[in-house]
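Below is one structure, written out as structure tokens; comments come after it.
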Amino acid sequence: MANNPTSYFQIIRKLSVTFAGLFKNITIIRTNPDLTATKTEDQRFIVPIEYGDKEKYTKRLLGDPDLQKKVQTILPRLSYEFMGMDYDPSRKLNTNNKNFAVNPNSADSVLSQYNPVPYNFNYQLTAYTRTIEDATQDRKSTRLNSSHTD
Numbered sequence: 009m010a011n012n013p014t015s016y017f018q019i020i021r022k023l024s025v026t027f028a029g030l031f032k033n034i035t036i037i038r039t040n041p042d043l044t045a046t047k048t049e050d051q052r053f054i055v056p057i058e059y060g061d062k063e064k065y066t067k068r069l070l071g072d073p074d075l076q077k078k079v080q081t082i083l084p085r086l087s088y089e090f091m092g093m094d095y096d097p098s099r100k101l102n103t104n105n106k107n108f109a110v111n112p113n114s115a116d117s118v119l120s121q122y123n124p125v126p127y128n129f130n131y132q133l134t135a136y137t138r139t140i141e142d143a144t145q146d147r148k149s150t151r152l153n154s155s156h157t158d
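Here it is as structure tokens:
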């Protein structure tokens with residue numbers, strides 16, 4: 009057993025990095041607070057995302073509800089957490105079927121593998137914002153609506 013090649017391919021880590029990549033370019037735009045004037049852009053920044061459980065942020069907020077202490081976390085911020093994985097029988101294929109591929113190291117042999125087992129990987133995404141305006145922005149739909157012409 010010790011001479012067998014490793015079977016650890018960092019799949020969960022790769023999935024976590026890919027999941028974070030889906031949300032890495034979320035941008036918040038803050039406009040001037042004057043309600044009578046036309047809204048102009050004051051600030052534009054990308055919301056950072058990091059791996060971390062929500063308990064860390066919740067404990068921080070409960071420990072200092074007025075946020076008077078020096079802060080190591082700047083809001084808004086996204087965090088994500090790997091919640092687990094579970095078997096998905098609805099996507100199961102016949103496990104006796106094999107997939108074949110040409111062996112790149114040998115011209116006279118092929119590689120084979122049984123059908124993979126389907127799993128769902130569950131992640132939780134949490135957004136921390138100071139204002140409701142930051143939490144409810146939807147730039148994608150605004151951009152689509154503004155470019156629509158009749």
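Just so we're on the same page, the working numbering is the position in the sequence shown counted from 1, plus 8. Cβ coordinates follow ideal geometry from the N, Cα and C atoms, glycine included. As the structure is a prediction and not an experimental result, all values here were calculated from the model.
- About 13 Å separates the beta carbon of I54 from that of A28, a gap too long to meet the 8 Å contact definition.
- Rounded to whole angstroms, the separation of the alpha carbons of K100 and Y122 is 12 Å.
- Between the alpha carbons of P41 and D50 lies a gap of roughly 9 Å.
- The three-state secondary structure of A143, taken from DSSP, is helix.
- The straight-line gap separating the alpha-carbon atoms of F17 and N107 is approximately 19 Å.
- In the three-state scheme derived from DSSP, where H, G and I count as helix and E and B as strand, K106 is classed as strand.
- Just so you know, the alpha carbons of T144 and T46 end up roughly 20 Å apart.
- By the C-beta density criterion, Y95 is exposed, having fewer than 16 other C-beta atoms within 10 angstroms.
- Annotation: I37 is outside any alpha helix (DSSP H); the continuous beta strand (DSSP E) that includes it extends over 35–39.
- Linking R38 to I140 through their CA atoms gives a straight-line distance of about 12 Å.
- Judged by DSSP secondary structure, I20 falls within the alpha helix (DSSP H) whose first and last residues are 19–30.
- In the three-state reduction of the DSSP assignment, S87 falls in the strand class, which pools E and B.
- For S120, the enclosing beta strand (DSSP E) begins and ends at 118–122.
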